[in-house]
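Asks: Encoded as C-alpha cells, here's the structure I'll be asking about.
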Amino acid sequence: FDCTNTLSDKLQETLNVAVEAPAGIDVLLSILCQKLEYSVLGLIQLLNMFAETCSAKLKFTAKDCDSTTGQPDSDDGYEDDYVLEDYPTTFNDRLKPHLALHREEMGCMNELQETFSLSAIRTLDEAVCNIKYFLCLQPCEWLDKVPEGKSAHFVLFSGRP
Numbered sequence: 001f002d003c004t005n006t007l008s009d010k011l012q013e014t015l016n017v018a019v020e021a022p023a024g025i026d027v028l029l030s031i032l033c034q035k036l037e038y039s040v041l042g043l044i045q046l047l048n049m050f051a052e053t054c055s056a057k058l059k060f061t062a063k064d065c066d067s068t069t070g071q072p073d074s075d076d077g078y079e080d081d082y083v084l085e086d087y088p089t090t091f092n093d094r095l096k097p098h099l100a101l102h103r104e105e106m107g108c109m110n111e112l113q114e115t116f117s118l119s120a121i122r123t124l125d126e127a128v129c130n131i132k133y134f135l136c137l138q139p140c141e142w143l144d145k146v147p148e149g150k151s152a153h154f155v156l157f158s159g160r161p
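Residue numbering for the sequence shown follows full-length UniProt numbering, starting at 1 and increasing by one per position.
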C-alpha cells in the first residue's frame with residue numbers, strides 16, 4: 001500500500017494495514033511504515049493468502065504537530081484508524097518471480113493452470129505472445145516456442161518481479 005499523510009497538523013507513526021479477509025485467508029507477513037510525515041510517501045507491505053477481495057483498515061498512532069515545522073507537540077499520541085476501500089487481488093498478484101527455481105518448494109497450492117480459447121488470434125505464436133504481454137509474464141524453459149503444425153500448446157510462465 002502506498003500511503004501519503006494529507007494532514008499537515010498530524011504526524012502518523014507505526015502505520016499498519018489490518019486486513020479483514022474471509023475465513024482461511026491469513027496475513028503471512030506485514031511490513032509496517034514506522035513514520036509518515038505530511039506529504040511524504042510511505043509504504044506498507046502485506047503478504048497474504050489469496051482471496052478475490054479483502055477489506056482493509058489503516059491503523060496508526062497520530063500525534064498533533066506544528067503544521068509549519070512538522071515537529072510533534074508532545075511525545076503522546078492516540079490510536080486512530082481509517083477505513084480503506086476494498087482491494088482486489090488479481091492474477092498477477094499470485095505470481096512468484098523465477099518459478100523454475102522455486103517450483104518444488106511452492107507445492108501445488110501455488111500453481112494455477114488455465115486453458116484459453118483464442119478464436120480471434122490467427123496462430124499459436126501470436127496467442128503465446130499476447131498472453132505474455134497481457135499477463136506480464138515470462139516463459140520458462142523455452143516453452144514459448146511453438147512447434148510447426150500444432151493446434152494446441154503448453155506454456156509454463158513465471159511472473160516478473
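Virtual Cβ for every residue (Gly too), placed ideally from N, Cα, C.
These numbers were taken from a predicted model, which means no experiment stands behind them.
Assuming Lys132 is part of the alpha helix (DSSP H), what are its boundary residues?
Replies: 124–135
Asks: May I ask you to report which of helix, strand or coil DSSP gives Gly77?
Replies: coil
Asks: Since Phe116 sits in a beta bridge, which residues does DSSP pair it with?
Replies: Paired residue(s): none; Phe116 is not in a bridge.
Asks: Among residues of its own chain, excluding the 5 on either side of Thr53, which ones have a beta-carbon nearer than 6 Å to its beta-carbon?
Replies: Asp86, Pro88
Asks: Measuring CA to CA, which of Lys145, Leu137, Ser151 is closest to residue 164?
Replies: Because the chain in this structure spans residues 1 to 161, residue 164 falls outside the shown range and cannot be described.
Asks: Does the CB of Arg122 have a neighbour CB from chain D at under 7 Å?
Replies: Absent from the structure is chain D; it holds one protein chain and no more.
Asks: Tell me, to the nearest whole angstrom, how far the beta carbon of Asp81 is from that of Lys57; I am working on the premise that it is less than 8 Å.
Replies: 5 Å
Asks: For Gly149, is the classification buried or exposed, using 16 other Cβ atoms within 10 angstroms of its Cβ as the cut-off for buried?
Replies: exposed
Asks: Looking only at C-alpha atoms, which of Leu15, Ser8, Ile131 sits nearest to Glu79?
Replies: Ranked by how close their Cα comes to the Cα of Glu79, the residues Leu15, Ser8, Ile131 have Leu15 in first place.
Asks: Tell me the rounded alpha-carbon separation between Gln34 and Phe60.
Replies: 9 Å
Asks: Comparing alpha-carbon positions, which option in Gly77, Val19, Leu143 lies nearest Leu124?
Replies: Leu143
Asks: Compare the beta carbon distance of Leu32 and Gln12 with 7 Å and say whether it is the shorter of the two.
Replies: no
Asks: Is Leu156 helix, strand or coil when you go by DSSP?
Replies: coil
Asks: Please report how far the alpha carbon of Ala120 lies from the alpha carbon of Asp9, in whole angstroms.
Replies: It is roughly 56 Å from the alpha-carbon of Ala120 to the alpha-carbon of Asp9.
Asks: Going by C-alpha distance, which of Ala18, Leu41, Pro22 is nearest Cys3?
Replies: Leu41
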